[in-house]
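In our numbering, the protein residues as written are 32 to 316.
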């Protein structure tokens, strides 16, 4: 288009938006103000007239459009990392609720004390403070991303029961293998589930942070990896350390750690396999 009036520019922008396009318009003059306001993203420069700068959403301070590309990539990266946390938290919490319901129906004692649950959630949340600094797979930021609440619900229902399955396996191991099936041994039972629950919740972010194979095809950023290892170490130490009595925990038998490793490997493997099924059915954003 050439020699357009301000009204023509605005009509073109609105027509493109009406046809489903996301429109960015760049201008620096008074005649560009209507189109700048009508666009999804109005772009102007620092040397533009005041009216154009007031109408714009973005004012470029550098003589380069590369800053826009960097901004888009950074925005998509932030969005992807936000989705990681929401997916992980929704599926993990859903699984925990199912586990507590199952355990409460059959156990003669609480599967975990309120104080233990609060400590577990606090450590879990601290461990996720590395997510904003995490890497994002390059192919995930090459296309526009949209927020779809239905995807979160579907993801939660798909992956939440996996967490519950391995919680129930933990219950069975503590009940039958370690005879933690009476009120006198409830601390042993609670300690066993406390450790498994914290470690699986901490590891799940690495399973759902990428559609690729975690730790092999896609690597988390150093802050997230360090936080994961730190929280897992604290979770393993608490039943052994001087604070164990305060949190009503106790040292676990040596044989428990073999079962713990098997449960963690099984959890990560099944989650990765189910992730492939999920991607084939619904895709991945």
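Yeah, the Cβ is synthetic: ideal placement off N, Cα and C, and Gly gets one too. Nothing here was measured: the structure is a model prediction, and the numbers come from that model.
Asked                                                                                                                                                       : Found
Please tell me whether residue 123 and residue 195 are closer than 8 Å, where the distance is taken between their beta carbons.                             : no
Taking residue 87 and residue 74 to be in contact with their CB atoms under 8 Å, please state how far apart those CB atoms are, rounded to whole angstroms. : 6 Å
Quick one: what's got a C-beta closer than 6 Å to residue 198's C-beta in the same chain, skipping five residues either side?                               : 130
In the DSSP assignment, find the beta strand (DSSP E) that holds residue 56 and state where it starts and stops.                                            : 55 to 57
Quick check on DSSP: helix, strand or coil for residue 249?                                                                                                 : strand
Sort out for me which residues DSSP pairs residue 75 with in a bridge.                                                                                      : 90
Indicate whether residue 290 and residue 208 have their beta-carbon atoms separated by less than 8 Å.                                                       : yes
In this structure, does DSSP put residue 51 in helix, strand or coil?                                                                                       : coil
Is residue 152 helix, strand or coil when you go by DSSP?                                                                                                   : helix
Identify the continuous alpha helix (DSSP H) that holds residue 199 and give its terminal residues.                                                         : 180 to 203
Note down, one range per segment and in chain order, each alpha helix (DSSP H) of at least 4 residues found wholly within the segment 94 to 167.            : 97 to 137 and 145 to 158
Thinking residue 125 and residue 187 are a contact (beta carbons under 8 Å), I'd like their distance in whole angstroms, please.                            : 5 Å
Are there 16 or more other CB atoms within 10 angstroms of the CB of residue 142, so buried, or fewer, so exposed?                                          : buried
So, with DSSP's three-state summary, where would you put residue 300?                                                                                       : helix
Along the alpha helix (DSSP H) that carries residue 223, what are the first and last residues, could you check?                                             : 217 to 239
Tell me whether the beta-carbon of residue 241 lies closer than 8 Å to the beta-carbon of residue 224.                                                      : no
Consult DSSP for residue 62 and reduce its assignment to one of helix, strand or coil.                                                                      : helix
According to DSSP, simplified to helix, strand and coil, what is residue 277?                                                                               : coil
How about residue 69 and residue 104: are their beta carbons less than 8 Å apart?                                                                           : no
Just the Cα atoms here: how many angstroms apart are residue 246 and residue 231?                                                                           : 16 Å
What's the gap between the Cα of residue 218 and the Cα of residue 226?                                                                                     : 12 Å
Residue 161 and residue 255: beta carbons closer than 8 Å?                                                                                                  : yes
Is the beta carbon of residue 251 sitting closer than 8 Å to the one on residue 168?                                                                        : no
So the candidates are 108, 280, 137 and 146; which of them puts its Cα closest to the Cα of residue 174?                                                    : 108
Between residue 140 and residue 214, how many whole angstroms is the CB-CB distance? I'm expecting something under 8 Å.                                     : 6 Å
Are there 16 or more other CB atoms within 10 angstroms of the CB of residue 115, so buried, or fewer, so exposed?                                          : buried
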